[in-house]
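Residue numbers (the numbering used here): 1396 to 1717.
No residue lacks a Cβ here, since even glycine has one placed at the ideal position from N, Cα and C.
Worksheet: one structure, shown below.
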Ligand SMILES: [Zn+2]
């Protein structure tokens, strides 16, 4: 019997890495709703299920569209050293200097968030309820990704430093273990962001600056744990899965000095503040009477395709796991 269990465990069932993990993207959008003013809460709270569920659509879309991957990250170290002054903050100036293909190859998350903000603002102006909710859910995803240090670093899964797996360790395993029971998401209120471009660039540069710490702390934690204590087999959805052990995750989290919790709180605050900023810039339209109609047939079809492609499991373009 014992031998049978070991054989089963030895299959090393593989779990694909997702940006911030599906669970955490959902949690970030969910908690952001509660930072909104009542005039917005009336629509957002009514649709909190949609905003939560569709927080992960951009990751699912990476299975359908090759161009989608670049929206989730920026390997900013490709452009020199901090504070990366050689990289223009304006997309047009950056294209002129480096070409659109180069920008696409190394990721465009700070620009894509501004595109999404414009789309969301337009949706508010037009009082298009379906688009307000769709773009709100999706911009929440990209903003959260920009807060992840390894989304701003070419060594995004520790592939250059023999730390493969660190991406999901930081953004999925640690929050899944500790967020619900130990972390605090009382964050205050959304604020108006006068210069969203400057805001998101500042966050991305913080992420880039923290990437070294993310990698160094894992090396330190690794040096302080016995190999046989580093991993554990845990049941997940009825299967035995090899994971970083809880003890190792706690050790890493302590060395990070609660960085993951801090970045998650900042993500929630930024998501709510971008939603709020779009609404203010659209002239604070009344949302009282907007109700989320059922999805159109075309939208139902699009979501069905997204889910099917995602279940097939082949990412087109950039993958956190590579
Ligand atoms: Zn992502």
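If you count every other CB in all the chains shown that lies within 10 Å of the CB of residue i, and 16 or more means buried, which is it?
{"i": "residue 1577", "result": "exposed"}
{"i": "residue 1583", "result": "exposed"}
{"i": "residue 1587", "result": "exposed"}
{"i": "residue 1585", "result": "buried"}
{"i": "residue 1664", "result": "buried"}
{"i": "residue 1695", "result": "exposed"}
{"i": "residue 1626", "result": "exposed"}
{"i": "residue 1634", "result": "exposed"}
{"i": "residue 1660", "result": "buried"}
{"i": "residue 1632", "result": "exposed"}
{"i": "residue 1455", "result": "buried"}
{"i": "residue 1494", "result": "exposed"}
{"i": "residue 1385", "result": "The structure shown does not extend to residue 1385, since the chain is modelled only from 1396 to 1717, so the question has no answer here."}
{"i": "residue 1509", "result": "buried"}
{"i": "residue 1559", "result": "exposed"}
{"i": "residue 1605", "result": "buried"}
{"i": "residue 1602", "result": "buried"}
{"i": "residue 1683", "result": "exposed"}
Closer than 7 Å to a non-hydrogen atom of ligand 2 - does that hold for the CB of residue i?
{"i": "residue 1467", "result": "Ligand 2 is absent from the structure shown, which contains only ligand 1."}
Just to confirm the assignment, what range does the beta strand (DSSP E) spanning residue i have?
{"i": "residue 1635", "result": "1634-1639"}
{"i": "residue 1439", "result": "Here residue 1439 belongs to no beta strand (DSSP E); instead the alpha helix (DSSP H) covers 1433-1439."}
{"i": "residue 1628", "result": "1626-1631"}
Under 8 Å by Cβ, that's how I've got residue i and residue j pegged, so tell me the actual separation to the nearest angstrom.
{"i": "residue 1565", "j": "residue 1537", "result": "In fact, because the Cβ distance is near 18 Å, the residues do not count as touching under 8 Å."}
{"i": "residue 1670", "j": "residue 1498", "result": "So it is not a contact: roughly 26 Å between Cβ atoms."}
{"i": "residue 1502", "j": "residue 1470", "result": "6 Å"}
{"i": "residue 1361", "j": "residue 1423", "result": "Outside the displayed span of the chain (1396 to 1717) sits residue 1361, for which this structure offers no information."}
{"i": "residue 1350", "j": "residue 1673", "result": "No information on residue 1350 is available, as it lies outside the stretch 1396 to 1717 that the chain covers here."}
{"i": "residue 1610", "j": "residue 1553", "result": "6 Å"}
If we cut at 8 Å on Cβ distances, does residue i have a partner in chain C?
{"i": "residue 1482", "result": "Looking at the structure shown, chain C is missing, and only one protein chain is on hand."}
Alpha helix (DSSP H) containing residue i: first to last residue?
{"i": "residue 1607", "result": "1591-1618"}
{"i": "residue 1544", "result": "From DSSP, residue 1544 is part of no alpha helix (DSSP H); its letter is neither H nor E."}
{"i": "residue 1452", "result": "1452-1456"}
{"i": "residue 1471", "result": "Per DSSP, residue 1471 belongs to no alpha helix (DSSP H) and is neither H nor E."}
{"i": "residue 1443", "result": "1443-1448"}
{"i": "residue 1421", "result": "1416-1427"}
Those runs of the alpha helix (DSSP H) which lie wholly inside the region 1553-1584 and span at least 4 residues: As far as the region 1553-1584 is concerned, its whole alpha helix (DSSP H) runs of at least 4 residues are 1569-1577.
Three or more C-beta pairs below 8 Å linking the region 1610-1627 and the region 1514-1526: Flag = no, the region 1610-1627 and the region 1514-1526 do not touch.
Sufficient close CB pairs (3 or more, under 8 Å) joining the region 1435-1445 to the region 1528-1546: Yes: the two stretches touch, three or more of their Cβ pairs being nearer than 8 Å.
Continuous alpha helix (DSSP H) assignments of at least 4 residues falling wholly in the region 1648-1696: List check, alpha helix (DSSP H) in window: 1654-1676.
Contained alpha helix (DSSP H) runs [length at least 4] in the region 1491-1521, N- to C-terminal order: Qualifying alpha helix (DSSP H) stretches, in chain order: 1495-1501 and 1504-1520.
Cβ pair count under 8 Å reaching 3, the region 1475-1492 against the region 1457-1465: Of all C-beta pairs linking the region 1475-1492 to the region 1457-1465, fewer than three are shorter than 8 Å, placing the two stretches out of contact.
The region 1589-1603 in contact with the region 1677-1687 per 3-pair CB rule at 8 Å: The region 1589-1603, when compared against the region 1677-1687, does not touch it at the 8 Å Cβ threshold.
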